[in-house]
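**Student:** Numbering of the sequence shown is given in this note's numbering, commencing with residue 6 and proceeding in unit increments. Dumping the structure here so I can ask a few things about it.
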Amino acid sequence: MTTKPSAAAEEALFQQIHQHILKQAKAGARIDTETELAQRFGVTRYKVRKALSILSQMGVVDRAPKRGMVVNPMRPQNLTTQIQVQMDIANFDIREFIEARLLIEVNILPLAIRRMTPANLGRLEAAIEGIVENASNTAVADNWDREFHLLLLEACGNRVLQVFSGALVTYFEKTTAHLPQNNPEFFLEIARAERKLLDAIKVGDVTSATAILQDHLTTQVSLLS
6 MTTKPSAAAE
16 EALFQQIHQH
26 ILKQAKAGAR
36 IDTETELAQR
46 FGVTRYKVRK
56 ALSILSQMGV
66 VDRAPKRGMV
76 VNPMRPQNLT
86 TQIQVQMDIA
96 NFDIREFIEA
106 RLLIEVNILP
116 LAIRRMTPAN
126 LGRLEAAIEG
136 IVENASNTAV
146 ADNWDREFHL
156 LLLEACGNRV
166 LQVFSGALVT
176 YFEKTTAHLP
186 QNNPEFFLEI
196 ARAERKLLDA
206 IKVGDVTSAT
216 AILQDHLTTQ
226 VSLLS
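Spelled out as structure tokens, the structure:
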């Protein structure tokens, strides 16, 4: 009788393969094949393939027939994707994401306001217009809403904060189905709230902007609690 491997064992194998591949890439060495990894860690190729599939989804590696496997450069977007995949594996409760997003995004806002540029403001305006123009299309309007929040994070200019907070914001792509469907007024109200927030940002009113964002996020995420 075979015993199904535990989630902890699978996670341990995944981390071992991940670290081994990164170490090889850093040393400029050839990356091991599936067969070589299976032999090194004493597991089946299926288990190795499963771990490599996750690493590919995370953007850590790029795999192609005959070409083999290469490790991708560590860019901020890749890191955000990696964190998201790890969050999926950890299976955190949605309430934990909501709490973390509220704490991080609201507290980043003062820094974003100080570093806001005319280009950032223009892109925020465009995101709000995208929400209004697509208010009757839940998926598209929700995407523009996420874009607005990601642009706020980008304006803070701190790549470390962007990586972690970006993972939290984009996680909510999974929750679009929980939002009111075919209800333009829902997204028009979001656009109005974000317009008020943008007006406060433009005049550098940190206190008002923070209060507006806190209320805006609390209202939105209450639908998912």
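For glycine and all other residues, C-beta sits at the position ideal for the given N, C-alpha and C. All figures in this text were calculated on a predicted structure; none of them were measured in a lab.
CA-CA distance, residue 210 and residue 109?
**Tutor:** One C-alpha to the other measures close to 19 Å.
**Student:** From which residue to which residue does the alpha helix (DSSP H) around residue 54 run?
**Tutor:** Counting along the chain, the alpha helix (DSSP H) containing residue 54 begins and ends at 50-62.
**Student:** Answer yes or no: do residue 136 and residue 74 have a C-beta to C-beta separation smaller than 8 Å?
**Tutor:** Taking 8 Å as the Cβ cut-off, residue 136 and residue 74 do not qualify as a contacting pair.
**Student:** Just the Cα atoms here: how many angstroms apart are residue 33 and residue 26?
**Tutor:** Using only the alpha carbons, I get a separation of about 11 Å.
**Student:** Check whether the Cβ atoms of residue 174 and residue 154 sit closer than 8 Å, and answer yes or no.
**Tutor:** Result yes, Cβ atoms of residue 174 and residue 154 sit closer than 8 Å.
**Student:** Does the distance from the C-beta atom of residue 101 to that of residue 132 stay below 8 Å?
**Tutor:** In this structure, residue 132 does not lie closer than 8 Å to residue 101 by Cβ.
**Student:** What first and last residue would you give for the alpha helix (DSSP H) that runs through residue 124?
**Tutor:** It spans 123-138 - the alpha helix (DSSP H) in which residue 124 sits, taken as one unbroken run.
**Student:** The alpha helix (DSSP H) with residue 145 in it runs from where to where?
**Tutor:** That run of the alpha helix (DSSP H) goes 143-160.
**Student:** Which class does residue 6 belong to by DSSP, given the choice of helix, strand or coil?
**Tutor:** Model confidence at residue 6 stands at a pLDDT of 42, short of 50, so the residue's coordinates are unreliable and nothing is read from them.
**Student:** Can you tell me the Cβ-Cβ gap for residue 184 and residue 170, rounded? I've got them flagged as a contact below 8 Å.
**Tutor:** Contact doesn't hold; Cβ gap of about 21 Å is too wide.
**Student:** Between which two residues does the alpha helix (DSSP H) containing residue 14 stretch?
**Tutor:** That run of the alpha helix (DSSP H) goes 12-31.
**Student:** Which residue comes first and which comes last in the alpha helix (DSSP H) that contains residue 98?
**Tutor:** That residue, residue 98, is in no alpha helix (DSSP H); it is neither H nor E in DSSP.
**Student:** With distances taken Cα to Cα, identify the nearest neighbour of residue 118 among 218, 16, 21, 222.
**Tutor:** Residue 118 has its Cα closest to that of 218, out of 218, 16, 21, 222.
**Student:** Report the CB separation of residue 114 from residue 215 in whole angstroms; it is logged as a contact under 8 Å.
**Tutor:** Yes, they are in contact, since the Cβ atoms of residue 114 and residue 215 sit about 6 Å apart, within 8 Å.
**Student:** Please report the residue range of the alpha helix (DSSP H) in which residue 204 lies.
**Tutor:** 189-207 is the extent of the alpha helix (DSSP H) around residue 204.
**Student:** Three-state secondary structure (DSSP) at residue 120?
**Tutor:** Note: residue 120 maps to coil in three-state DSSP.
**Student:** Please decide whether residue 114 counts as near chain C, where near means a Cβ-Cβ distance under 8 Å.
**Tutor:** In the displayed structure, chain C is absent; only one protein chain is listed.
**Student:** In or out: residue 14 buried (at least 16 other Cβ within 10 Å) or exposed?
**Tutor:** Exposed: under 16 other Cβ atoms inside 10 Å.
**Student:** Hey, residue 189 and residue 140 are a contact pair by Cβ (cut 8 Å); roughly how many whole angstroms apart?
**Tutor:** 4 Å between Cβ atoms; contact.
**Student:** To the nearest angstrom, report how far apart residue 59 and residue 208 are at their CA atoms.
**Tutor:** Distance between the alpha carbons of residue 59 and residue 208: 45 Å.
**Student:** Do residue 203 and residue 129 have their beta-carbon atoms positioned less than 8 Å apart in this structure?
**Tutor:** Going by C-beta atoms, residue 129 is nearer than 8 Å to residue 203.
**Student:** Might you give, ordered along the chain, the residues of its own chain that have their beta carbon closer than 7 Å to the beta carbon of residue 28, omitting 5 neighbours on each side?
**Tutor:** For residue 28, where only same-chain residues beyond five positions count, there are no Cβ hits under 7 Å.
**Student:** Out of curiosity, what's the CA-to-CA distance linking residue 46 and residue 61?
**Tutor:** Rounded to whole angstroms, residue 46 to residue 61 spans 19 Å at the Cα level.
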